[in-house]
Amino acid sequence: MAAQFSQFDGVETLLFISWLIVVIWPLYYSIRHKTSFALSMTVSLLLGYLIQVVWTLFYNFDLVNLWLWEDLWMRPVEAKQPSGWVTFISAGFLHSQFDATHVLGNILVISLVGIPLEQRLGRNRFIGIYFIGLIGGSIAWFLFNIESSRPALGASGAAFGLFGAYLAGWPKDEIPFPLILIRKWPVFYLAMIYFGLEL
9 MAAQFSQFDG
19 VETLLFISWL
29 IVVIWPLYYS
39 IRHKTSFALS
49 MTVSLLLGYL
59 IQVVWTLFYN
69 FDLVNLWLWE
79 DLWMRPVEAK
89 QPSGWVTFIS
99 AGFLHSQFDA
109 THVLGNILVI
119 SLVGIPLEQR
129 LGRNRFIGIY
139 FIGLIGGSIA
149 WFLFNIESSR
159 PALGASGAAF
169 GLFGAYLAGW
179 PKDEIPFPLI
189 LIRKWPVFYL
199 AMIYFGLEL
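What follows is the structure, encoded as structure tokens:
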């Protein structure tokens, strides 16, 4: 991965730095100013996805020469190496730029389920659960596909972690969610629907 970064030209370097800034800045702002981490994470994921789309457009028009994102996905066969360990986290900040429903589904869950969960747990415990889910999802993919080169990417592991925490603590809660109608739905039903869609 480091070898590929060293081959960046000016446009590639600018796009990569832009991606890092839009992913990290909302999270830093949340921690520094004690604002909602769930809301900041949705902004981070959405802006990061937009940079991915811009990179793809630039790549299609030969304005950039390297395809960066594959090096940041978590591929089990490559993640065994120490240089691949960072992908257990970086994969959670990337989504398929050819499937907008992937990122939209994840940010919908992280915002509409995450915000009330964060209010109940507090910001620090919420952050812990979020990253346990994110890294746990990557580890699960790694263990069940250990010899595979198929990548894992997306914040689905984190979203499942949030659902799991909510179900463990408040299984009878209802939260507003747009399923056909925007109304309060039982958390259990939302978790089962999300699980079914992910499968």
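So the sequence shown is residues 9 to 207, counted in my numbering. No residue lacks a Cβ here, since even glycine has one placed at the ideal position from N, Cα and C. Treat the numbers as computed from the prediction; the structure is a model and nothing was measured.
- As for any alpha helix (DSSP H) of minimum length 4 sitting wholly inside the stretch 67-113, the runs are 84-87, 95-98, ordered along the chain.
- Taken in chain order, the whole alpha helix (DSSP H) runs of length 4 or more contained in the stretch 120-187 are 122-129, 131-152, 164-177.
- Counting the other Cβ atoms within 10 Å of the Cβ of A176 gives fewer than 16, which makes it exposed.
- In the DSSP assignment, T21 falls within the alpha helix (DSSP H) that extends over 18-41.
- As a beta-bridge residue in DSSP terms, I190 pairs with P186.
- Exposed is the label assigned to W93, since fewer than 16 other Cβ atoms lie within 10 Å of its Cβ.
- When DSSP states are grouped into helix, strand and coil, S52 belongs to the helix group.
- If you ignore the 5 residues before and after I201, its C-beta comes within less than 8 Å of the C-beta of L187, all in its own chain and listed in chain order.
- Between the stretch 142-151 and the stretch 57-64 there are fewer than three C-beta pairs closer than 8 Å, too few to call the two in contact.
- Cβ atoms of F134 and E126 come within 8 Å of each other, at about 4 Å.
- Contact between M82 and P34 is ruled out by a C-beta separation of about 22 Å, above the 8 Å threshold.
- Rounded to the nearest whole angstrom, the C-alpha separation of G113 and L54 is 11 Å.
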